[in-house]
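For the sequence shown, our numbering assigns the number 7 to the initial residue and increments by one for each residue that follows.
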Amino acid sequence: MSGYAPQTSQTADASAIDIHSRAVSYTCGDCDGDVQLKRGEPIRCRNCGHRVLYKKRTNR
């Protein structure tokens with residue numbers, strides 16, 4: 007048997023980060039509109055309903 011033991015519980019801080027995750031910026035492939043999506047939201051443009059979105063580059 008190996009010495010690997012997966013972690014079974016999460017801390018409260020890790021679950022709070024997932025709930026309050028920030029929105030990610032995308033550009034619609036059809037109307038070039040800016041779309042902000044959070045985790046779990048449907049991948050669809052709010053302006054035209056198009057389903058092809060391009061992720062913007064991050065500024066680091």
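From the three backbone atoms N, C-alpha and C, an ideal C-beta is built for every residue, glycine too.
Nearest-angstrom Cβ-Cβ length linking residue i and residue j, presumed shorter than 8 Å
i   : j   : result
S27 : Q42 : Not confirmed; about 12 Å, so no contact.
Sub-8 Å separation of residue i and residue j beta-carbons
i   : j   : result
L59 : C34 : yes
Residue i versus residue j: straight-line alpha-carbon distance, rounded
i   : j   : result
R63 : C54 : 22 Å
R50 : R57 : 5 Å
G39 : G46 : 20 Å
Element boundaries [beta strand (DSSP E), containing residue i]
i   : result
V41 : D40 to L43
Y10 : No beta strand (DSSP E) contains Y10, which DSSP labels as neither H nor E.
V30 : V30 to C34
K61 : L59 to K61
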